[in-house]
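Inspection log for the structure reproduced underneath, given as C-alpha cells.
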C-alpha cells in the first residue's frame, strides 16, 4: 500500500530531473521514500534519483510481501504533461497494485494512469564503481548559461581543470567558446590537470533537468565519465547523472 | 447606415467568442445591437451571439428599407488579426452598404475590408427547440483548466451529473482524467443522473472563446446536445454555443 | 591593434540593426569608431552603420600601416546568438589581425570567432547621390505598429505625403490598411505630394532592426528610394537604411 501527498511543484521538479535522461522507468517505493535508477536508450547516460519520505506532506507505505519495496513502471512524460496544467497545489498519489494503476488527485481533478509492465522496461543498470580525482562545485546558473551558449557553437564539450581553474570549452567550425572559472569563483575545486570530452546534447538535457537547484557538483576524471549531482525538493531529494565520455 | 464606436478589447473578446466556432458569418445589425447565428463547417457546433447597443460608446443605426436590420458577411479572422495589433483603444466602425465595405478606424489607422457576399455564406441555422433537464453554473477557470488537461489525455469528453456531483471525464489508452465538483463547489447545479459524450476539439476551441468570462453555464441532457452560455462585454453581450453529442 | 569594452545591450542593439539587412559584412575599425556599409544579397537594400568610439567604455585602436583603419569580415548572426545568452553586462572585444580572429569576453566566458576573409564578402557599395524632397520624422512605435499590421494585409506598402499628411498604405485582395498622420501628429514633415511603393518584407525586417530607437526619420521622393535613419547607442551611433522602390 502506497499513499502520499506532495507539493505539485516539488513533484514536477523531480520528474523534470528524471526525464532529462529517461521518459519512463521503474520507480521503487519503500518506507524510506522513492528511488529510481535508469539508463537512457543509447546507454550513454544514467540517472539515479532519490526522494526521502519527508519531502512529502504525508507518506504511507506498507510493503506486505515486498521486502525490497514496491516497484512500479512509470511513464514520466505523461505525468509531467498533466502536472503542467495545475498550479502549485497539493498532489495526492496512490498506487493500486492489484489494478496496476497510479492515482493522482489535484484538488477536484483525479488522474488515473496504468502502470507500465516492469518487464517491458530496460533493466535497472548497475552503478559502476568509479573514482573521481576532481570535484567541482559551482553556481548552477554559471553552468546552465554556459551550456546554453555552447549549444550555439558546437556538438561536443570539453570539461576540465587546469591547475586552479575549471573550464568548459566547445569548438565550432569557425568559433570557440570557453568558460574559465578560477578556484575563488567556484564553491569548491580540487586542483589538477585533466579533462574529458562529452556530447553536448546529453549535458544540455541534464542542465534542463536541474533548473530548480542552486549548486551543481561535477565529478571528473581524465577521459572518464562525468558525474553531475544536485539536490531537489529543498535538499530532501538527490539526483545524480552519469555520462560516458567521448573518445577524442 | 451603421456607425459605432467600441473599446478594441471588447470587440476582440466578441470576435474571439465567434471564431471559436466559425471563421466567417453573417452579422445582423439592428437598432438594438448586433446578432449572429452560425454553424461550423462540419455542422456539429453552433454559435449564437448578441451584443447590445449599450456595449458601444456610440451606436447609430438607421435601417431605411431593412425592416429586419442590415445583414453583412464578415471574415472574422481578418478582423481579429488587425485588432490584435492595436492596444486597448477605441475602434470606430462603419458600414458602406453601397460599396459593400466595412471601415474600421483605430487612432490614425484606417482599415477597410470588403464585406463577404451573404449568399456565399452558409445559411443561418434554425435554433433547435431543446429542453435541458440539468443546468450547471461553474467558475470558468475550473472549466478551462480541465479542458486543457483533458486534451493531453484523449479525444472525447464525457460531461455528466451523478446525484449532487457534476463531472467531466476523458479516457486515453492508458490513462483517465476526471474532474468531479460537488454542488457546494459549483455556483449552481440541478441534481440528476445523466451524461453525454462530446468531441474534445470543439469544446477546447469553445473554451478559448470564453477566456474573458467569469462563469460559464452548461445545459445538459442524456445523450443530448450541450449548450454553453457565457457573457461578454461586461454583461452587455451574450454567447451561446450548441454542440451535438457523440453516440457512444 | 583593436581592443574595446562596451555594454552587451548596446552591442546587441547595433548588431540587430545591421542584420536587418545583412548577415555578414566588412566592419571598418578606426580611431574614431566602427563603420559598416553593406547591401543585401538581392541588391535591394543597403545599410550604413556608424558607432562612435565614445559609445564604448574603453576604446583602443592603433592602425599601424592601415591608413584607412582596419577592415574585418564578420558573421553578425553568430555574434548575436552568443550575445543573446548573456545578460546586460560588459563585453570586451579584441581583434588579432595575424590570427584573423575576434575575441569577445563576457565575464568568465570567452568567445573566439574566425574573421571572414574580406575578399569573400560582397564589395562595399557606393552610396548613391540622392536628394529627398520630403522628410518625415515620427515616433518609432507608430511606424513599427503600422508595419506589423500591414504585414497581415499585403506585400507592398505605399509611403507618401499628401499636403500636410504623411501616409502608409497597404492593399490586400479584400482589404486595405492606411495610417494617416497629420503634420501636428509628427515630429517633422515637409509638406508635398508624392509617394513611392516598397516591398513590405524589407521594411518589416528594418523595423525590427530599430526596436531600441525613439524616433525614425524617413526621407522620401516620387517613385524614389526610401532612406530610413535612426540612432543607436543613445545617440552615439547612427544607422541608415536605403531601400529601392518598386515600379508600380
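Protein chains in written order, with my numbering: chain A, 12 to 259; chain B, 12 to 259; chain C, 12 to 259.
All residues carry an ideal CB built from backbone N, CA and C; glycine is no exception.
Treat the numbers as computed from the prediction; the structure is a model and nothing was measured.
Cβ pair residue i, residue j closer than 8 Å
i	j	result
residue 206 of chain C	residue 148 of chain C	no
residue 119 of chain B	residue 81 of chain C	no
residue 163 of chain B	residue 93 of chain A	yes
residue 96 of chain C	residue 155 of chain A	no
residue 224 of chain B	residue 151 of chain B	yes
residue 208 of chain C	residue 57 of chain C	no
residue 250 of chain B	residue 60 of chain B	yes
residue 72 of chain B	residue 40 of chain B	yes
residue 188 of chain B	residue 160 of chain B	yes
residue 64 of chain B	residue 44 of chain B	yes
residue 166 of chain A	residue 211 of chain A	yes
residue 26 of chain B	residue 91 of chain B	yes
residue 269 of chain B	residue 193 of chain B	Residue coverage of chain B in this structure runs from 12 to 259, which leaves residue 269 of chain B outside it and unanswerable.
residue 89 of chain C	residue 124 of chain C	yes
residue 237 of chain A	residue 170 of chain A	yes
Residue range of the unbroken alpha helix (DSSP H) whose run includes residue i
i	result
residue 28 of chain B	19-30
residue 152 of chain C	151-162
Range covered by the beta strand (DSSP E) that runs through residue i
i	result
residue 257 of chain A	Element bounds for residue 257 of chain A: n/a, residue is neither H nor E.
residue 87 of chain B	Here residue 87 of chain B belongs to no beta strand (DSSP E); instead the alpha helix (DSSP H) covers 87-94.
residue 189 of chain C	186-193
residue 168 of chain C	167-174
residue 332 of chain C	Outside the shown range of chain C, which is 12 to 259, sits residue 332 of chain C, and nothing can be said about it.
residue 33 of chain C	Element bounds for residue 33 of chain C: n/a, residue is neither H nor E.
residue 235 of chain C	No beta strand (DSSP E) holds residue 235 of chain C; DSSP gives it neither H nor E.
residue 121 of chain B	120-125
Inter-residue CB distance, residue i and residue j (contact presumed, cutoff 8 Å)
i	j	result
residue 21 of chain B	residue 244 of chain B	5 Å
residue 31 of chain A	residue 216 of chain A	5 Å
residue 203 of chain B	residue 256 of chain B	About 16 Å separates the two Cβ atoms, so there is no contact after all.
residue 15 of chain A	residue 86 of chain A	Not really, about 19 Å apart at Cβ, beyond 8 Å.
residue 234 of chain C	residue 101 of chain C	At roughly 47 Å, the Cβ-Cβ gap does not stay under 8 Å, so residue 234 of chain C and residue 101 of chain C are not in contact.
residue 37 of chain C	residue 135 of chain C	6 Å
residue 126 of chain C	residue 83 of chain C	5 Å
residue 239 of chain B	residue 231 of chain B	Contact doesn't hold; Cβ gap of about 10 Å is too wide.
residue 106 of chain C	residue 13 of chain C	4 Å
residue 111 of chain B	residue 201 of chain B	In fact, because the Cβ distance is near 47 Å, the residues do not count as touching under 8 Å.
Assigned secondary structure, residue i (DSSP; H/G/I helix, E/B strand, else coil)
i	result
residue 210 of chain C	strand
residue 42 of chain A	coil
residue 67 of chain A	coil
residue 105 of chain A	strand
residue 217 of chain C	helix
residue 140 of chain B	coil
residue 240 of chain A	strand
residue 100 of chain C	coil
residue 14 of chain B	strand
residue 245 of chain B	helix
Check: residue i C-beta below 7 Å from any heavy atom of the ligand MN
i	result
residue 47 of chain C	Although the ligand MN was asked about, the structure shown includes no ligands whatsoever.
Exercise for the section: Count the CB pairs spanning the region 121-140 of chain C and the region 181-189 of chain C that are closer than 8 Å, and state whether there are at least three. Expected result: Judged by Cβ distances under 8 Å, the region 121-140 of chain C makes no contact with the region 181-189 of chain C, as fewer than three pairs qualify.
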